[in-house]
Amino acid sequence: MCLAIPAKVHQVNGDSALVSIGNVEYKASLLLLKDVKEGDYIMLHAGFAIEKVDKKEAARMLALFREIEDSKTT
Amino acid sequence: MRYIDDYRDGLLMKELVGEIRKISVSPVVLMEVCGSHTMAIHKFGIQSLLPPAIRLVSGPGCPVCVSSMGFVDKAIALSRMDHAITVTYGDLIRVPGSESSLEKERSNGSDIRIIYSLLEALVIAKNNPEHPVIFPAIGFETTAPATAAVVKKAAKEEIHNFFVLSAHKIMSPVLKALVDGPLKIDGFLAPGHVSAITGSSIYQELADKYGRCVVISGFEPVDIFQSIRMLINQVNSRQPRVEIEYSRVVKPEGNPAARRIMNEVFEPADEIWRGFGNIPLSGLKFRKEYDRFDAEKIFPVKVPEFHEPAGCRCGEVLRGMIDPTACSLFAVSCTPDNPIGACMISSEGTCAAYYKYRKLT
Ligand code: SF4
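Protein chains in written order, with the numbering used here: chain A, 42 to 115; chain B, 9 to 369.
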């Protein structure tokens, strides 16, 4: 029920956006999230964008996990 | 998306499991609160990879499962009104009230429609001005802002035949009820998408006042292992605090714009939870300014008192007191095809998760 799925934003039209998950396109309402741009990833929940996915943060956390692993194994 | 694969990286998972094994020194009980976490934990067989000292228990985070029977009975009563159209997300339709379900009502001829987005309800309302369009609303802070946004839109567009029966709930009061309960929970794997809206501050009291460890977790296996590792480190250091593992989505301040909309339309009120009974100020009801959308006020109905199906221990399951396997009906007379209690009916229910993945765990 609280499932939200990352979707890529293709086009912003006022308070809605055309997004895709894999090859399937959806309409996402932007009533709950401002400043969404083409190329962003958003979390889509029941037709609403509820938050952006921070790509830099995703990469940073992964690098951090990996770094800790590396330092442990060396 | 690239990051999903990265968060399912088998090598990284193995490293994390190894690390958890190293730091796990004493028995701990960790509760995952969200139904989506429960499903992921069972799907990826996470418990079986952990050292035996770490026990994962499921909590009350499946909105369908914690909806009271009285609420379902009310939704059914409203769906039976002349000309009524009921719109619902798929989850609720099979949940039994005391003598029927929305699914049964639909096969008896009631107009009940499954929607994907609540915005569809406004289109239905506009196209059917003579019909009351009723939305029985469940869900936590993840879902409630969307309901509020649609109510505001209906107000602005002067749609007068759209109504909401709100059983929306908020997360922090039930966590406090759990901490006050008999099960000793050392740490919480906090729900990622609720927290995307609320931010991390709603858990602060759990750490500061009740000494419980909290990590807001994502839903991929690497997220869950990493969150468990962060929780064990917190337990070991005896410094309970609130950390965010799912930082690619959850900001400490959450989504203030969504919260503003939610709080403009709804205010906290007492709410009945299956398995818990009444929890003060744990629900969301309409503010006065939005009264005219409140199905409860506009169409008052009386329903019989709440009771669980005979033999069902869903209430104890929801409080983490027992595993579903302790229920004598589990996998015997209660299965997803023939569910007895709400925890088996919802695809995210703990009993359903245990059933579906019972060979893996
Ligand atoms: S297995 Fe079925 S009857 Fe037993 S607690 Fe779960 S839902 Fe209830």
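Note that beta-carbon positions come from the ideal geometry of N, C-alpha and C, so glycine has one too.
What you are looking at is a predicted structure, and each value in this text was computed from that prediction instead of being measured.
Let me confirm a value: residue i is counted as buried when at least 16 other C-beta atoms fall within 10 Å, else exposed. Which label applies?
{"i": "V131 (chain B)", "result": "exposed"}
{"i": "K113 (chain A)", "result": "In this prediction, K113 (chain A) has a pLDDT of 47, which is less than 50 and means its spatial position is unreliable; what the coordinates show is noted afterwards. Flag for K113 (chain A) reads exposed."}
{"i": "L368 (chain B)", "result": "The predicted position of L368 (chain B) is uncertain, since its pLDDT is 49 and thus under 50; no value can be drawn from it."}
{"i": "R29 (chain B)", "result": "exposed"}
{"i": "Q242 (chain B)", "result": "buried"}
{"i": "G98 (chain B)", "result": "exposed"}
{"i": "A48 (chain B)", "result": "buried"}
{"i": "A318 (chain B)", "result": "exposed"}
{"i": "A198 (chain B)", "result": "buried"}
{"i": "D231 (chain B)", "result": "buried"}
{"i": "P104 (chain B)", "result": "buried"}
{"i": "L105 (chain A)", "result": "exposed"}
{"i": "V60 (chain A)", "result": "buried"}
{"i": "T115 (chain A)", "result": "Residue placement at T115 (chain A) is flagged as unreliable, the pLDDT there being 38, under the threshold of 50; the coordinate-derived value follows with that caveat. Exposed: under 16 other Cβ atoms inside 10 Å."}
{"i": "K305 (chain B)", "result": "exposed"}
{"i": "P332 (chain B)", "result": "buried"}
{"i": "K93 (chain A)", "result": "buried"}
{"i": "I12 (chain B)", "result": "exposed"}
{"i": "I348 (chain B)", "result": "buried"}
{"i": "V80 (chain B)", "result": "buried"}
{"i": "V340 (chain B)", "result": "exposed"}
{"i": "I54 (chain B)", "result": "buried"}
{"i": "R220 (chain B)", "result": "buried"}
{"i": "I62 (chain A)", "result": "exposed"}
{"i": "P264 (chain B)", "result": "exposed"}
{"i": "S87 (chain B)", "result": "buried"}
{"i": "V33 (chain B)", "result": "exposed"}
{"i": "R267 (chain B)", "result": "buried"}
To the nearest whole angstrom, what separates the beta carbons of residue i and residue j, a pair I think is in contact under 8 Å?
{"i": "T206 (chain B)", "j": "G262 (chain B)", "result": "5 Å"}
{"i": "R321 (chain B)", "j": "L186 (chain B)", "result": "About 17 Å; that fails the 8 Å criterion."}
{"i": "H176 (chain B)", "j": "L38 (chain B)", "result": "Not quite, the Cβ-Cβ distance comes to about 27 Å (not below 8 Å), so this is no contact."}
{"i": "S125 (chain B)", "j": "S57 (chain A)", "result": "Incorrect: roughly 10 Å between the Cβ atoms, too far for contact."}
{"i": "V50 (chain A)", "j": "D81 (chain A)", "result": "5 Å"}
{"i": "E2 (chain B)", "j": "Y15 (chain B)", "result": "No answer is possible for residue 2 (chain B): the residues shown for chain B start at 9 and end at 369."}
{"i": "T152 (chain B)", "j": "F301 (chain B)", "result": "For clarity, residue 152 (chain B) is Ala in the given sequence; the question names Thr instead. Rounded, the Cβ-Cβ distance is 14 Å, inconsistent with contact."}
{"i": "V172 (chain B)", "j": "T155 (chain B)", "result": "6 Å"}
{"i": "L73 (chain A)", "j": "I269 (chain B)", "result": "7 Å"}
{"i": "G323 (chain B)", "j": "E316 (chain B)", "result": "6 Å"}
Considering only DSSP beta bridges, list what residue i is partnered with.
{"i": "V398 (chain B)", "result": "Because chain B here runs from 9 to 369, residue 398 (chain B) falls outside it and cannot be looked at."}
{"i": "I132 (chain B)", "result": "Answer is none; I132 (chain B) lacks a bridge partner."}
{"i": "F307 (chain B)", "result": "F307 (chain B) is not bridged to any residue."}
{"i": "A100 (chain A)", "result": "DSSP, once it has assigned bridges, lists no residue as partnering A100 (chain A)."}
{"i": "N346 (chain B)", "result": "B:T343"}
{"i": "G69 (chain B)", "result": "Answer is none; G69 (chain B) lacks a bridge partner."}
{"i": "I62 (chain B)", "result": "B:V36"}
{"i": "S61 (chain A)", "result": "A:K49 and A:E66"}
{"i": "I287 (chain B)", "result": "B:E279"}
Taking the alpha carbon of residue i as the point to measure from, which residue in the options has its own alpha carbon closest?
{"i": "I91 (chain A)", "options": "B:R63, B:F233, B:A204 and B:I330", "result": "B:A204"}
{"i": "V95 (chain B)", "options": "B:S106, B:S108, B:A129 and B:I269", "result": "B:A129"}
{"i": "L100 (chain B)", "options": "B:A350, B:V65, B:C221 and B:A154", "result": "B:A350"}
{"i": "S225 (chain B)", "options": "B:P260, B:G200, B:Y362 and B:C70", "result": "B:G200"}
{"i": "S174 (chain B)", "options": "B:K161, B:F52, B:H45 and B:I280", "result": "B:I280"}
{"i": "P68 (chain B)", "options": "B:Y15, B:G43, B:N116 and B:P288", "result": "B:G43"}
{"i": "P140 (chain B)", "options": "B:K160, B:A154, B:A157 and B:D119", "result": "B:D119"}
{"i": "A83 (chain B)", "options": "B:S245, B:T150, B:R121 and B:I142", "result": "B:I142"}
{"i": "G357 (chain B)", "options": "B:V36, B:S66 and B:R267", "result": "B:S66"}
{"i": "I210 (chain B)", "options": "B:D331, B:K51, B:E313 and B:P260", "result": "B:P260"}
{"i": "P181 (chain B)", "options": "B:I54, B:A61, B:F148 and B:D194", "result": "B:F148"}
{"i": "R246 (chain B)", "options": "B:I12, B:I353, B:A157 and B:G195", "result": "B:G195"}
{"i": "D278 (chain B)", "options": "B:E272, B:S355, B:L289 and B:S336", "result": "B:L289"}
{"i": "V158 (chain B)", "options": "B:R249, B:E313, B:G323 and B:V273", "result": "B:V273"}
{"i": "Q52 (chain A)", "options": "A:R101, A:V77 and A:F89", "result": "A:V77"}
{"i": "T46 (chain B)", "options": "B:L64, B:I123 and B:L337", "result": "B:L64"}
{"i": "P308 (chain B)", "options": "B:V25, B:G78, B:C70 and B:E316", "result": "B:G78"}
{"i": "I123 (chain B)", "options": "A:R101, A:A87 and A:K97", "result": "A:A87"}
{"i": "R101 (chain A)", "options": "B:S56, B:R256, B:V325 and B:H50", "result": "B:R256"}
{"i": "I31 (chain B)", "options": "B:K51, B:H50 and B:I62", "result": "B:I62"}
{"i": "M179 (chain B)", "options": "B:N271, B:C359 and B:V41", "result": "B:V41"}
{"i": "V202 (chain B)", "options": "B:S34, B:N136, B:C70 and B:P137", "result": "B:C70"}
{"i": "K68 (chain A)", "options": "B:D299, B:V36, B:L127 and B:S336", "result": "B:L127"}
Name, please, each residue of chain D whose Cβ falls closer than 8 Å to the Cβ of residue i.
{"i": "H86 (chain A)", "result": "Considering every chain present, this structure includes no chain D. Its protein chains are A and B."}
Exercise for the section: Would you check if the region 159 to 168 of chain B and the region 85 to 94 of chain B touch, i.e. whether three or more CB-CB distances between them fall below 8 Å? Expected result: no
Practice task
May I ask you to verify whether the region 13 to 20 of chain B touches the region 188 to 199 of chain B, counting CB pairs closer than 8 Å and requiring at least 3?
Solution key: no
Handout entry: Sufficient close CB pairs (3 or more, under 8 Å) joining the region 285 to 303 of chain B to the region 228 to 237 of chain B
Key = no
Problem - At least three beta-carbon pairs within less than 8 Å, the region 272 to 289 of chain B to the region 63 to 75 of chain B - result: yes
Problem - Segment contact, 8 Å Cβ cut-off, at least three pairs: the region 242 to 252 of chain B with the region 209 to 221 of chain B - result: yes
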